[in-house]
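Notes follow the structure.
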Amino acid sequence: MLTSKLVRRLALPVAGGFLLLATTTHGQDDGSDDTTAHRASGPIRPAAAAAAMTVAPGYFLLPIMPGQQNFLAASMGELRPNHFHGGLDIKTASVINKPVYAAADGYISRLKQSSYGYGNVLYITHPNGLTTVYGHLNEFLGPVLAELRQRQYEKQTYELELFFEKGQFPVKRGEVVAKSGNTGGSAGPHLHWEVRDGQDRQLNPLEWGGFAEIHDHTGPILQALAVEPLGIAARVQGRFERTLLVPKVQPAPGAATVFPDTVACVGQVGLLLQGFDRFDQAWNKNGIQRVTVRVNGQPHYQHVIDAVPFPNGSRQVNNFVDYTYHLQSGRMLQKLWVDEGNDLPFYTPPGLGQGRLTVEPGKVYTVEYELADSYSNKATARLVLRGEPATDYAALLPKPAAMAAAKPLLRYDITRNLLRTVVTNALDTADVPANLTLRRASRQLALRPSYTKGRETTYLYDLRAGLPDSLVFGAVSKKFDRQVMIPAGQETSYTTPHLNLVFGPQTLFAPLYLNTAYRPATAAAPETWIVGSASTPLYLPLRITLRGRHLGRGRPTGVVQYQSVRPVPPLHRHQGPRRPPTGPARRAAALPGGRRFIGAGVV
Numbered sequence: 023m024l025t026s027k028l029v030r031r032l033a034l035p036v037a038g039g040f041l042l043l044a045t046t047t048h049g050q051d052d053g054s055d056d057t058t059a060h061r062a063s064g065p066i067r068p069a070a071a072a073a074a075m076t077v078a079p080g081y082f083l084l085p086i087m088p089g090q091q092n093f094l095a096a097s098m099g100e101l102r103p104n105h106f107h108g109g110l111d112i113k114t115a116s117v118i119n120k121p122v123y124a125a126a127d128g129y130i131s132r133l134k135q136s137s138y139g140y141g142n143v144l145y146i147t148h149p150n151g152l153t154t155v156y157g158h159l160n161e162f163l164g165p166v167l168a169e170l171r172q173r174q175y176e177k178q179t180y181e182l183e184l185f186f187e188k189g190q191f192p193v194k195r196g197e198v199v200a201k202s203g204n205t206g207g208s209a210g211p212h213l214h215w216e217v218r219d220g221q222d223r224q225l226n227p228l229e230w231g232g233f234a235e236i237h238d239h240t241g242p243i244l245q246a247l248a249v250e251p252l253g254i255a256a257r258v259q260g261r262f263e264r265t266l267l268v269p270k271v272q273p274a275p276g277a278a279t280v281f282p283d284t285v286a287c288v289g290q291v292g293l294l295l296q297g298f299d300r301f302d303q304a305w306n307k308n309g310i311q312r313v314t315v316r317v318n319g320q321p322h323y324q325h326v327i328d329a330v331p332f333p334n335g336s337r338q339v340n341n342f343v344d345y346t347y348h349l350q351s352g353r354m355l356q357k358l359w360v361d362e363g364n365d366l367p368f369y370t371p372p373g374l375g376q377g378r379l380t381v382e383p384g385k386v387y388t389v390e391y392e393l394a395d396s397y398s399n400k401a402t403a404r405l406v407l408r409g410e411p412a413t414d415y416a417a418l419l420p421k422p423a424a425m426a427a428a429k430p431l432l433r434y435d436i437t438r439n440l441l442r443t444v445v446t447n448a449l450d451t452a453d454v455p456a457n458l459t460l461r462r463a464s465r466q467l468a469l470r471p472s473y474t475k476g477r478e479t480t481y482l483y484d485l486r487a488g489l490p491d492s493l494v495f496g497a498v499s500k501k502f503d504r505q506v507m508i509p510a511g512q513e514t515s516y517t518t519p520h521l522n523l524v525f526g527p528q529t530l531f532a533p534l535y536l537n538t539a540y541r542p543a544t545a546a547a548p549e550t551w552i553v554g555s556a557s558t559p560l561y562l563p564l565r566i567t568l569r570g571r572h573l574g575r576g577r578p579t580g581v582v583q584y585q586s587v588r589p590v591p592p593l594h595r596h597q598g599p600r601r602p603p604t605g606p607a608r609r610a611a612a613l614p615g616g617r618r619f620i621g622a623g624v625v
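Each number in the working numbering corresponds to the 1-based position in the sequence shown with 22 added.
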């Protein structure tokens with residue numbers, strides 16, 4: 023047997039006796055390090071509300087090129103793969119070894135020399151209780167460097183983390199404490215700079231009056247809006263599908279965007295938004311700090327990304343956005359409602375479900391959006407929703423001749439707790455769609471059509487009423503591949519003859535309808551385990567124990583893959599290097615039946 027901890031997303035298919043996970047930790051500037059990553063595996067406390075602004079403007083010195091105009095490559099709270107960006111990325115003119123200045127009086131409380139994550143990183147604690155973090159450094163300076171060298175020789179290791187007491191290494195505002203670099207998971211020379219409070223929340227330093235060196239008179243840019251149904255009775259444009267609204271021409275920074283066409287909908291719907299911000303004279307696409315929504319002139323929703331609990335809150339980005347849609351389309355749509363499993367402290371007013379909009383038939387809803395950055399530059403958008411009752415399915419049927427002699431085709435997917443089954447060519451001899459049959463052992467349920475558009479008839483079913491074994495339409499039958507519903511918020515185990523899964527109380531954001539499969543080795547294909555889908559984000563680890571014919575014999579046969587969200591091609595003999603890469607960001611194990619190396623984590 024092989025047991026491993028798997029983090030962030032459910033697995034891709036596993037091949038060649040390997041469990042391939044679509045996760046991301048090493049190799050990116052993700053604001054993670056060894057110490058905090060271990061702490062993240064425990065229970066998550068509810069996120070605290072952001073503290074009131076307590077820092078006077080000018081308290082912090084910009085730590086790179088103070089007094090000179092400078093530029094940011096990234097802002098606080100940007101939406102990144104698997105995390106919110108936790109600070110400011112300050113440009114260093116594309117070179118290393120720029121002087122790094124202490125942002126305020128304090129003492130060096132921690133440093134770490136590492137080849138991944140923040141790379142070489144320094145922490146300075148200040149009298150007001152805040153800590154500034156300086157990442158991707160090329161070199162430490164002063165007495166703390168001598169201390170690091172001595173400890174490295176003592177422990178005979180390069181990678182080392184040290185903690186210091188107040189008074190050991192005091193620093194003054196403006197003192198040069200390091201040289202900038204490109205170490206760790208950095209993609210280019212810059213300084214990653216954070217401000218954290220005593221609860222380890224990553225704060226937005228631009229909230230305290232900004233910096234004169236960073237010029238910003240440029241407003242955000244709207245890329246798209248979307249409306250999607252959230253309940254079984256909800257419809258958008260007559261369907262149980264998201265409607266995406268993209269301006270024909272991308273608006274100028276700070277421009278007002280008005281969508282001329284109304285969107286017909288009914289029931290409980292969710293609003294979504296995609297956009298970015300820019301600073302003056304820079305082309306980097308930065309995050310939007312504040313989004314406000316008003317409906318018919320009344321406050322409806324607001325989020326402000328000014329304090330991200332670290333590290334657990336940062337991982338909630340995959341629930342803050344529509345993660346599955348991002349994988350499918352490349353668009354990162356922010357949900358403008360508080361979804362299940364989201365306890366981020368961004369929202370006004372706080373609370374689960376806040377931001378959902380119930381549209382009633384016959385009513386009109388004018389939705390106004392305001393996007394703002396930390397310098398209060400704004401952009402606006404306006405959209406009108408029209409409450410339109412769901413049309414009876416029979417009123418939208420195509421002419422029978424258009425579907426004559428066509429064989430029905432059946433497909434399904436799951437959105438939240440709802441099973442959506444679409445049957446193409448579903449008309450029966452009476453020229454109306456027939457019912458869909460859901461079967462479970464000896465029981466069956468006839469499901470009435472929800473609506474028909476063109477050749478396609480859609481059937482909706484709430485899976486909380488029970489999981490079917492199969493879906494049957496006439497002579498067409500399809501096996502339902504989900505074996506069990508795993509609830510969120512509690513520890514749950516699920517066992518098959520080939521694996522055992524343990525979900526912790528904080529593994530899932532929402533209930534999971536789980537599919538697993540096992541394929542024994544054949545002459546043409548290796549032994550394979552399949553667990554879930556890479557499009558399902560996890561919050562905290564899932565523990566998996568594999569059972570198979572060849573596991574536990576000889577060399578390790580389990581590899582946790584931390585890099586890609588796409589399936590890895592099949593393994594072939596004598597493929598790839600004969601020895602694992604030496605860098606920690608590319609550690610791997612030799613795989614039986616071949617010499618290909620994948621991923622960054624070895625079980």
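Note that CB positions come from ideal geometry on N, CA and C, so glycine has one too.
Rounded straight-line distance, which links the Cα of residue j to that of residue i
i    : j    : result
V317 : R404 : 10 Å
R442 : Y483 : 7 Å
Q135 : T446 : 59 Å
Y561 : V330 : 15 Å
D503 : L523 : 17 Å
G241 : P533 : 39 Å
V155 : R173 : 21 Å
L629 : A539 : The question about residue 629 has no answer, for the chain in this structure spans 23 to 625.
A168 : P367 : 41 Å
L267 : A497 : 39 Å
R171 : K177 : 10 Å
F495 : Y434 : 12 Å
A556 : N537 : 12 Å
F82  : Y347 : 39 Å
E197 : A248 : 49 Å
V381 : L295 : 19 Å
G363 : G164 : 46 Å
Candidates the options, of which the one nearest residue i by Cα
i    : options                : result
Y145 : L159, S137, Y138       : L159
E390 : T153, E235, F186, V280 : V280
N439 : Y535, R408, P527       : Y535
P520 : I566, P509, L152, L267 : For clarity, residue 520 is His in the given sequence; the question names Pro instead. Of the listed residues, the one whose Cα sits closest to H520 is I566.
G297 : A547, S492, L101       : L101
P275 : A304, G289, N341       : A304
S472 : R462, L485, A463, N457 : N457
L568 : S555, L530, T518       : T518
D361 : F531, G526, L110, I436 : F531
G232 : V553, S515, S97        : S97
L94  : Y175, I118, V291, F301 : F301
D283 : I86, R486, V406, G309  : V406
F185 : T205, A286, R132, G206 : R132
E161 : P321, R264, G99, N142  : N142
P563 : G554, Q528, A543, V553 : Q528
Q190 : N341, H322, T147, G151 : T147
G335 : F106, A78, R465        : F106
Q290 : G80, P383, L393        : P383
Assigned exposure category for residue i - 16 Cβ within 10 Å defines buried
i    : result
G377 : buried
V271 : exposed
T239 : The question names Thr, but residue 239 is His in the sequence shown. Its Cβ having fewer than 16 others within 10 Å, H239 is exposed.
E250 : buried
P372 : exposed
R218 : buried
A448 : buried
K194 : exposed
S492 : exposed
Q91  : exposed
V386 : exposed
T558 : buried
A455 : For the sequence presented, residue 455 should be read as Pro rather than Ala. Buried: at least 16 other Cβ atoms inside 10 Å.
P85  : buried
contact_flag[the region 207 to 227, the region 245 to 264] where n(CB pairs < 8 Å) is 3 or more:
When Cβ pairs closer than 8 Å are counted between the two stretches, the region 207 to 227 is seen not to touch the region 245 to 264, the count staying below three.
Which parts of the region 322 to 392 are runs of the alpha helix (DSSP H), unbroken and 4 residues or longer, counting only runs that do not cross its ends?
339 to 342, 345 to 351
Stretch-stretch touch, CB-based, cutoff 8 Å, three pairs: the region 467 to 483 with the region 504 to 520
no
Is there contact here, the region 491 to 507 with the region 542 to 557, by at least three beta-carbon pairs under 8 Å?
Not touching, per the Cβ criterion.
Could you give the uninterrupted runs of the beta strand (DSSP E) lying entirely in the region 474 to 519, keeping only those of 3 residues or more?
478 to 484, 492 to 495, 498 to 501, 506 to 508, 514 to 518
Would you check if the region 348 to 360 and the region 122 to 131 touch, i.e. whether three or more CB-CB distances between them fall below 8 Å?
no
Decide if the region 99 to 118 is in contact with the region 197 to 214; the criterion is three or more beta carbon pairs, one per stretch, under 8 Å apart.
yes
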